[in-house]
Amino acid sequence: MEALLTLDNLFTLVMLIFLQIVLGFDNLLYISIESKRVRPDKQSYVRKLGLGLAILFRIILLFVILKAVDLFQSQLFSIDISGLLTGSFNGHSLIVLLGGLFITYVAIKEIKLMLTVEEIDKVNGNGKTRSVAMAITMIVIMNLVFSFDSILSAMALTKIFTLMATAVIISGILMIVMADSVAEFLKKNRMYEVLGLFILLIVGVMLLSEGGHLAHLHLLGQPVEAMTKTTFYFVIITLVIVDVIQSRYRKKLLAQKAREIGSA
30 MEALLTLDNL
40 FTLVMLIFLQ
50 IVLGFDNLLY
60 ISIESKRVRP
70 DKQSYVRKLG
80 LGLAILFRII
90 LLFVILKAVD
100 LFQSQLFSID
110 ISGLLTGSFN
120 GHSLIVLLGG
130 LFITYVAIKE
140 IKLMLTVEEI
150 DKVNGNGKTR
160 SVAMAITMIV
170 IMNLVFSFDS
180 ILSAMALTKI
190 FTLMATAVII
200 SGILMIVMAD
210 SVAEFLKKNR
220 MYEVLGLFIL
230 LIVGVMLLSE
240 GGHLAHLHLL
250 GQPVEAMTKT
260 TFYFVIITLV
270 IVDVIQSRYR
280 KKLLAQKARE
290 IGSA
């Protein structure tokens, strides 16, 4: 135990917690969206219980990956459709690809719902509700999707299970604390819901590109390259800046229109 309490391990623990929080922010966006599907009085309960269970399953997943990391890297099968699609899949690439597909599907479904629903309030949980059990299950599943990539990233810093498990627990508790605040912010600032959904969509695209790269996919003879984290964060920052500028410009236009109507 004393060997773990070294300056190097404490620094690694801080880095692991920071990594888990940064990679978990997108998860908070999804949790806020998913929790709106249940009755308003159960939404906070769903967020906290869903994250609590997700912490438990994430630690179990961490243990499994550490014990079976070689199995995830072993080739499972390959495909070769001459001139169209070639690739070699292992457990890692399949999980990342399926996770990317799932996140992309969820984001597109929510964006479509936002555009097609007749009453905006129905998008925010006041229409057709979802059961508490189903919402919690979806939160746990999505958390595990995000967990796999973050755990593999954490393994690049250390192989000590205790450090990684501690980071998962601490970051999970911080996410539980922040979950209600993020959900409340999106509720009060409805215009940022679109931004959140497109961030989720980009996360899905990033995972698809990463999974394709891991599987050495070639589409029409061209290799699938993974989106770098630097590119991902640059795109997110650009989206946020555009959204802020567009919001201010819209307010300016509305104010100008109001003055024109008032002077007419």
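Numbering follows my numbering, in which position 53 of the sequence shown is assigned residue number 82; successive positions increment by one, without gaps.
We put the CB at the ideal spot given by N, CA and C, even for glycine.
Predicted model, so just to flag it, every value in this text is computed and none were measured.
- Below 8 Å, too few C-beta pairs join the region 106-121 and the region 205-225 to call them touching: fewer than three.
- Ala255 sits away from Ser117, with the two beta carbons spaced by 8 Å or more.
- Assignment of His245 by DSSP, reduced to helix, strand and coil, places it in the coil class.
- Per DSSP, the beta bridge partners of Asp109 are Thr115.
- Sixteen is the threshold: since fewer than 16 other Cβ atoms of the shown chains lie within 10 Å of the Cβ of Arg288, the residue is exposed.
- The C-alpha of Val269 is placed about 15 Å away from the C-alpha of Thr259.
- The C-beta separation of Leu236 from Ala136 comes to about 11 Å, leaving the pair out of contact by the 8 Å criterion.
- Contact between the region 90-106 and the region 200-212 is absent, with fewer than three C-beta pairs closer than 8 Å.
- When the beta-carbon positions are compared, Phe175 and Asn56 come within less than 8 Å of each other.
- Contact between Leu173 and Arg87 holds, with the beta-carbon distance rounding to 7 Å and staying under 8 Å.
- Residue burial is scored here from C-beta neighbours: Lys65 has at least 16 other C-beta atoms within 10 angstroms and is therefore classed as buried.
- In the DSSP annotation of this structure, the continuous segment of the alpha helix (DSSP H) that includes Val273 starts and ends at Lys258 to Ser292.
- With respect to the C-alpha of Gly81, the residue from Thr166, Tyr278, Lys281 and Asn119 having the closest C-alpha is Thr166.
- Between Leu105 and Asn119, the gap from beta carbon to beta carbon is short of 8 Å.
- A Cβ-Cβ distance of about 6 Å is found for the pair Ile62 and Glu139, placing them in contact under the 8 Å criterion.
- Note on Leu283: under 16 other CB atoms within 10 angstroms of its CB, so exposed under the neighbour-count rule.
- Spanning the alpha carbons of Gln72 and Ile170 requires a straight line of approximately 17 Å.
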